[in-house]
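Asker: First the structure, which I've put down as C-alpha cells, then a few questions once you've had a look.
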Amino acid sequence: MKGLVNTMSCKPPAALKLCNIPLEDLTNYKMSYMAHPMEKRYVYEPEKFRPCEIPIESLTTHNESYRGLMGEPAKSLKPPARPSALDTPFSNTTEFRDKYQAWPTPQMFSKAPATFVAPEEKMDLLTTVRAHYTYPKGAPAQSYRPVLSVKKGGRFESSTTTKEDYKQWASMQTEPVKPIPQLNLPTEPLDCLTTTRAHYVPCPPITTKSWLLHKASFHLFTS
13 MKGLVNTMSC KPPAALKLCN IPLEDLTNYK MSYMAHPMEK RYVYEPEKFR
63 PCEIPIESLT THNESYRGLM GEPAKSLKPP ARPSALDTPF SNTTEFRDKY
113 QAWPTPQMFS KAPATFVAPE EKMDLLTTVR AHYTYPKGAP AQSYRPVLSV
163 KKGGRFESST TTKEDYKQWA SMQTEPVKPI PQLNLPTEPL DCLTTTRAHY
213 VPCPPITTKS WLLHKASFHL FTS
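All the letters of the sequence shown, read from the start, carry residue numbers 13 to 235 under my numbering.
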C-alpha cells in the first residue's frame, strides 16, 4: 500500500516591507472641495376647493339649440271603440257541443280462466324415440376407441431415423481471441513527481524601488 507523498511548497517567501509609512489617500478633490449650503426646498400649498354658488343647469347644447321640423302631428290609426248593442253575455256554445251524440259502447267480454286440475296418475316420461326406436341387432353399438397399451417395465426406446442417420458432430469450445498488449506497464509504483517539480529552480524575488514621495517632502515641494 502506497503512503502519503511529501510535497515541497513552491510559494516564494514573504519579503520584508521597505517602508512602514501608510499610504496617503489625500487627493486634490478632497483638498480643494468646498461644500456649498443647499437652499431649502419651497413647498407649494395646494389651493382649497371652493364650491360654485350658482346651481348647475341641466340644459345642454342639444336641448337648447334643437328645433324640430314643422309638420302635422302623427295621427292614431286605432279603430274607435264601439259600444256593444246587446247586453247579453257572449255564448260559448259551439256546433260540436250542440250536435255531438255519444254512441253507446258495449261492455268488453272477458272469459274467466279455467282452473288448473292436477292429474291423478303419474306422468309418463317415455318419448316417441324411446318408444319406437330399437337397436337393429338387439345390442348397443360398441366403441372403436383404440385399446390402451400396457406399460412395460423397461426403458422407452426413443431412437428415430433422424437420430440414427444424423449423428452429433464433435465440437470443441473455441477460446476468444485476445489482442497482444503493445504497452508495457511498469512494475514499480508510480512516482508522483511532475516535470515542474523536477526542473523548477526557485528564483529570488526582485524588489522594485518605490518613487512615491513622502508626506514631509510633498509639503515642502508644494510650498
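For each residue, glycine too, the CB sits at the ideal point set by N, CA and C.
When you compare the CB positions of P217 and A27, do they come within less than 8 Å of one another, or not?
Answerer: Position 205 of the sequence shown, counting from 1, holds the residue named residue 217. Position 15 of the sequence shown, counting from 1, holds the residue named residue 27. Yes.
Asker: Tell me where the alpha helix (DSSP H) around S44 begins and ends.
Answerer: Here residue 44 refers to the residue found at position 32 of the sequence shown. N40 to S44 is the extent of the alpha helix (DSSP H) around S44.
Asker: Quick one: grab the DSSP three-state call for D110.
Answerer: On the sequence shown, position 98 is the one that residue 110 refers to. Three-state result, D110: helix.
Asker: Which parts of the segment 153-233 are runs of the alpha helix (DSSP H), unbroken and 4 residues or longer, counting only runs that do not cross its ends?
Answerer: Runs found: 173-177 and 207-211.
Asker: For the alpha helix (DSSP H) containing N75, list its first residue and its last residue.
Answerer: The residue you call residue 75 lines up with position 63 of the sequence shown. Here the alpha helix (DSSP H) through N75 covers T73 to S77.
Asker: How long is the line joining the alpha carbons of P188 and P198, rounded to whole angstroms?
Answerer: Taking the first residue of the sequence shown as position 1, residue 188 is located at position 176. Taking the first residue of the sequence shown as position 1, residue 198 is located at position 186. Looking at the two C-alpha atoms, the distance is approximately 26 Å.
Asker: Please report the Cβ distance between L30 and S222, rounded to the nearest whole angstrom; I am assuming they are in contact, meaning their Cβ atoms lie under 8 Å.
Answerer: Here residue 30 refers to the residue found at position 18 when the sequence shown is read from its first residue. Here residue 222 refers to the residue found at position 210 when the sequence shown is read from its first residue. About 7 Å; that satisfies the 8 Å criterion.
Asker: Where does R142 fall in DSSP's three states?
Answerer: As a position in the sequence shown, residue 142 is number 130, starting the count at 1. Of the three classes helix, strand and coil, the one that applies to R142 here is helix, per DSSP.
Asker: Which residue wins for smallest C-alpha separation from K23, given the options T219, Y212 and L225?
Answerer: Here residue 23 corresponds to residue number 11 of the sequence shown, with the count starting at 1. Among T219, Y212 and L225, the Cα nearest to that of K23 belongs to Y212.
Asker: Please report how far the alpha carbon of M46 lies from the alpha carbon of V55, in whole angstroms.
Answerer: For the purposes of this step, residue 46 is taken as residue 34 along the sequence shown, with counting starting at 1. For the purposes of this step, residue 55 is taken as residue 43 along the sequence shown, with counting starting at 1. Rounded to whole angstroms, M46 to V55 spans 27 Å at the Cα level.
Asker: In terms of alpha-carbon separation, which member of E65, T219 and S70 lies closest to P25?
Answerer: By 1-based counting over the sequence shown, the position of residue 25 is 13. Among E65, T219 and S70, the Cα nearest to that of P25 is on T219.
Asker: Quick check: the Cα distance between E132 and V159, rounded to an integer number of angstroms?
Answerer: As a first step, residue 132 must be located in the sequence shown, where it is residue number 120. As a first step, residue 159 must be located in the sequence shown, where it is residue number 147. Approximately 51 Å between the Cα atoms of the pair.
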